[in-house]
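See structure below.
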Amino acid sequence: SFQLSARGHWSTWPAFASGQTVLKNHKPCCAPEERQSSNKQALLTIPKPRYLEQLESYLRKELQSLDLTKKNSQELKLQPYREIFEFFIDNFKSYKPLLSAIKNEYEVTLAHQKKTIRALEPLKSMVTTVSEECTQQILALQEKEKDEINMLKQEKQRLLKFIDNMKEEKNSLQTQVEHLQTSVAEEYARYLNEYGACKLLLAKLNDMHNEQLNMTHHQVQDIKGEDVVKLTLALKVARQDLTKAQVKLNTMIADYEDVVPRRDFESLEKKYSDLLQEMKTLQKDFDQLHKEYETLLEIHRETAEERDNFCTELQRVQRNYTPRPNWPECSEVIPGGADRWGCLAEGKSSSQLVDVLLEEIGTGALKEIDVFPGWGKGDKVPVYLRHEGEVKNKKLTKKDVVNILKDVWKEKIALEQQTGKQSSLPEFFLSYLQKKYGDAAAMEWSYTLYENMRLCRSNHVLSSFYNILTGKVGEQQYHSQNQLISNLQKELAACDSSNSGSLTSKHMALREAFPLKRKESIQELVDASRYKLDSTEGLIDYISLFKEDEEGNAEPFVAKLRSQYVREKQEHLKQLKSKLGDVTEVKADDLKGAFCTVDPDIDDQTLDTYVGLAYQVRREQPGQEVVPVETALERLLAGDVRRVGPSPREGSTAGFEGE
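Take a look at the structure:
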């Protein structure tokens with residue numbers, strides 16, 4: 001089956017032909033053109049080795065038999081080339097070590113690249129989450145900026161209108177002042193005219209008096225028997241009196257020429273005082289309005305600058321942010337169509353919709369996988385995944401996975417109650433599978449359950465078990481949430497005196513069951529409890545609030561309880577971090593002081609438990625070591641940390657809210 005040369009060695013076709021036939025672009029510097037053409041003609045007459053033809057024929061048959069429409073078509077296509085290369089290595093004994101080393105190095109490189117690709121897959125969800133958070137922040141900034149700008153615009157319009165009214169009032173008052181000044185000038189002119197008329201009248205009176213005197217003189221002369229001496233004396237005295245009266249009158253006229261009557265003077269003085277006081281008041285109001293106007297102009301200028309900065313920032317963010325996806329298009333690729341997608345997407349945010357979509361895609365792809373690659377048996381590999389080679393996929397449904405995990409919890413709790421010792425969930429998980437399915441099949445079930453838990457993050461049963469199994473969350477947090485729900489069920493049953501299974505929203509006893517929750521949180525629970533009711537006055541079937549479907553999905557009421565548990569713990573730890581300040585490391589005593597400040601009602605036992613959780617030590621061990629603040633907060637977030645008493649700030653405002 002091999003093509004040998006005449007001397008009994010391996011045929012080197014076409015290596016023993018001219019070098020130009022192997023490397024087409026290579027030209028020997030000394031080869032003449034005649035020799036090159038003769039070498040080409042000689043190559044055409046040399047047949048291929050039989051072994052080469054057999055390898056090429058085998059490769060063609062294998063490639064034609066492959067189904068290249070599958071997802072892993074490239075790996076299937078690579079397999080025939082591997083086999084050809086192995087045949088080639090086996091028949092070249094002398095070069096076998098070198099060729100085997102080359103092949104192994106390529107295999108190691110391919111495995112490393114696959115591992116790198118698998119490691120980069122989780123970054124997809126991280127990128128999507130960051131994109132959604134940025135989108136929400138942008139929308140929040142836009143909404144906040146929009147409300148503030150509208151409020152400032154309205155305030156500006158109101159102040160501008162107020163300024164216009166004051167200007168109109170000022171113009172009106174100025175007009176009144178001018179009118180009064182005109183009236184005073186007219187009165188002054190009228191008094192001058194009267195003064196001139198009075199002088200003319202006095203001159204006429206003097207003339208008339210002289211005429212009367214002359215007439216009296218003529219009459220006296222006509223009187224017979226009158227005493228001339230007596231009349232002459234009387235006339236002389238009368239003329240002297242007239243001269244004195246004329247002098248006195250002229251003196252008074254000269255002294256009081258520019259004087260007005262006291263009554264008119266007092267009236268004008270009073271009007272002037274009133275107008276002056278009114279003008280001062282208006283001037284003061286005008287100065288105040290002018291100052292406020294300048295302040296508003298400055299505020300408007302700063303607001304305009306801030307608005308321009310926000311607009312610039314918004315345009316920059318709009319150029320960089322990822323467009324929001326069109327979620328209804330997902331119904332075209334989800335099994336069940338638009339109806340099932342509508343049920344899955346109801347009441348969920350974009351981040352949750354991404355998790356649902358990835359879950360549907362992942363579970364669909366998981367059903368097509370027949371085997372899982374083993375993780376190996378290294379120390380860093382979890383005990384329930386330590387296996388070499390391939391592991392068979394059991395292809396379980398979500399319902400089967402939920403039932404198995406619930407049974408694991410049931411068996412673990414029963415064992416701990418029986419022995420009085422707490423066991424590790426990863427080790428118990430493996431022992432449970434080995435006990436129920438045998439050592440041989442335990443890894444198949446373990447890998448199948450692990451992959452389903454890893455993909456189904458929207459299901460509480462699967463996600464909580466996965467977080468505890470991988471160490472992201474403490475087991476005590478899971479038991480605390482269940483105990484919280486169990487206590488609430490007992491409280492509601494105690495309120496149902498008639499055992500009818502129904503209560504009104506007023507008799508739900510949520511405030512008694514959760515005395516530390518805020519009004520908003522209680523209202524959220526009430527709204528979640530009657531989401532199926534048409535009105536707010538109907539009876540609530542509180543028993544149905546705690547039911548789960550066959551896949552372990554709880555009702556919105558229980559889901560809201562769990563989300564509030566996580567949110568309240570995050571708010572509590574946020575207050576704790578704020579109390580610690582800007583320090584990067586914290587001692588146990590400082591952490592205790594911060595806990596006592598944000599939660600004054602905390603007892604010593606609970607305080608020691610929380611400090612031991614943050615420092616990963618037991619209560620009886622001294623806690624004087626220093627740990628980073630972020631590390632301590634991450635450990636507390638993974639554990640069961642809750643507020644014991646009301647917040648000092650909430651306690652001080654409780655009376656105000658009640659009013």
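Sequential numbering of the sequence shown, starting at 1, is according to our numbering. Idealized CB from N, CA, C, for every residue including glycine. Model, not experiment: these values are computed from the prediction.
Margin query: Taking the alpha-carbon of E56 as reference, which of D439, F85 and S125 has the nearest alpha-carbon?
Written below: Ranking the options by Cα distance to E56, first place goes to F85.
Note to self: Just to confirm the assignment, what range does the beta strand (DSSP E) spanning K587 have?
What the structure shows: Counting along the chain, the beta strand (DSSP E) containing K587 begins and ends at E585 to K587.
Next item on the list: Would you kindly work out how many angstroms separate the C-alpha atoms of V586 and K367, rounded to a whole number?
Entry: Roughly 49 Å between the two C-alpha positions.
Margin query: Just to confirm the assignment, what range does the beta strand (DSSP E) spanning F372 have?
Written below: First-last of the beta strand (DSSP E) with F372: V371 to P373.
Next item on the list: Could you check if G552 is buried or exposed, using at least 16 other CB atoms within 10 Å of its CB as the buried criterion?
Entry: For G552, the number of other beta carbons within 10 angstroms of its own is at least 16, and it is reported as buried.
Next item on the list: My understanding is that A614 touches V627, with C-beta atoms under 8 Å, so please give their C-beta distance in whole angstroms.
Entry: Yes, A614 and V627 are in contact; Cβ-Cβ is about 7 Å, under 8 Å.
Check: Considering K661, what are the terminal residues of the alpha helix (DSSP H) in which it resides?
Finding: No information on residue 661 is available, as it lies outside the stretch 1 to 659 that the chain covers here.
Next item on the list: Figure out for me which residue from L98, V356, V526 and E427 has the closest Cα to the Cα of S458.
Entry: Between S458 and the set L98, V356, V526 and E427, the nearest pair of CA atoms involves V356.
Check: If you draw a straight line from the alpha carbon of E155 to that of K146, how long is it in whole angstroms?
Finding: The alpha-carbon atoms of E155 and K146 are separated by roughly 14 Å.
Notebook entry, point to check: How would you label I468, buried or exposed, when you count the other beta carbons within 10 angstroms and need 16 or more for buried?
Noted result: Under this definition I468 is a buried residue.
Item checked: T668 to L289 span [Cα, whole Å] -> Lying outside 1 to 659, the shown extent of the chain, residue 668 is not represented and no answer is given.
Margin query: Measuring straight from C-alpha to C-alpha, what distance separates L539 and A528?
Written below: Approximately 14 Å, taken between the alpha carbons.
Check: Which residue's Cα is closest to the Cα of A254: R60, G196, C134 and Y81?
Finding: Residue G196 is the option with its Cα nearest to A254.
Notebook entry, point to check: If we count the other Cβ atoms within 10 Å of its Cβ and call it buried at 16 or more, is H387 buried or exposed?
Noted result: Label assigned to H387: buried.
Item checked: Outcome for R239 when other beta-carbon atoms lying within 10 angstroms are tallied against a minimum of 16 -> By the neighbour-count criterion, in which 16 or more other beta carbons inside 10 Å mark a residue as buried, R239 falls on the exposed side.
Margin query: Could you tell me the alpha carbon to alpha carbon distance between L192 and M252, rounded to whole angstroms?
Written below: Answer to the nearest angstrom: the Cα atoms are 17 Å apart.
Check: Out of curiosity, what's the CA-to-CA distance linking E491 and L510?
Finding: In a straight line, the C-alpha of E491 is about 9 Å away from that of L510.
Item checked: Rounded separation between V461 and V381 - CA only -> Just so you know, the alpha carbons of V461 and V381 end up roughly 23 Å apart.
Notebook entry, point to check: In chain order, what residues of the same chain have a beta carbon less than 8 Å from the beta carbon of V177, not counting five sequence neighbours either side?
Noted result: The residues are L275 and M279.
Check: Is the Cβ-Cβ distance between T606 and V644 less than 8 Å?
Finding: Between T606 and V644, the CB-CB gap stays under 8 Å.
Item checked: Per-residue burial, M208 [other beta carbons within 10 Å of its own, 16 or more giving buried] -> Looking at its Cβ environment, which holds fewer than 16 other Cβ atoms inside 10 Å, M208 is exposed.
Margin query: Among the candidates T448, N214, E269 and L525, whose CA atom is the shortest distance from the CA of Q181?
Written below: Of T448, N214, E269 and L525, the residue nearest in Cα terms is E269.
Item checked: Where H112 falls, given that 16 or more other Cβ within 10 Å makes a residue buried -> So H112 counts as exposed.
Notebook entry, point to check: Hey, how far is the Cα of Y450 from the Cα of Y466?
Noted result: Approximately 8 Å, taken between the alpha carbons.
Next item on the list: Return the bridge partner residues of E360 from the DSSP annotation.
Entry: BP columns for E360 are empty, so no partner.
Margin query: Rounded to whole angstroms, what is the Cα-Cα separation between A559 and Q315?
Written below: Separation of A559 and Q315 (C-alpha to C-alpha, rounded to the nearest whole angstrom) is 38 Å.
Margin query: At the level of alpha carbons, what is the spacing between G501 and D541?
Written below: Whole-angstrom Cα-Cα distance: 6 Å.
Checklist line | Cutoff 7 Å; reference L516; Cβ partners in own chain excluding five residues on either side | finding: Correct list, in chain order: R643 and P646.
Next item on the list: List the endpoints of the continuous beta strand (DSSP E) containing K392.
Entry: It spans E390 to K392 - the beta strand (DSSP E) in which K392 sits, taken as one unbroken run.
Check: How should C660 be labelled, buried or exposed, when 16 other C-beta atoms within 10 angstroms of its C-beta is the threshold for buried?
Finding: Residue 660 lies beyond the stretch modelled for the chain, which goes from 1 to 659, so this question has no answer here.
Next item on the list: Go through its chain and collect everything with a Cβ distance to E548's Cβ below 6 Å, but skip five positions before and after it.
Entry: Result list for E548: A554, in chain order.
Check: Any chance the segment 469 to 485 sits against the segment 422 to 431, with 3 or more Cβ pairs inside 8 Å?
Finding: With a cut-off of 8 Å, the segment 422 to 431 and the segment 469 to 485 count as touching, because enough Cβ pairs lie within range.
Check: Does the distance from the CB of K398 to the CB of C456 come in under 8 Å?
Finding: Going by C-beta atoms, K398 is nearer than 8 Å to C456.
Check: Skipping 5 residues on each side, what residues in its chain have a beta carbon closer than 8 Å to that of V383?
Finding: Excluding sequence neighbours, V383 sits near P426, E427 and L430.
Notebook entry, point to check: Using the C-alpha atoms, what's the distance from D407 back to S578?
Noted result: Each residue's CA atom was taken as its position, placing S578 and D407 some 42 Å apart.
Next item on the list: Would you identify the three-state DSSP class for D541, choosing helix, strand or coil?
Entry: D541: strand per DSSP, three-state reduction.
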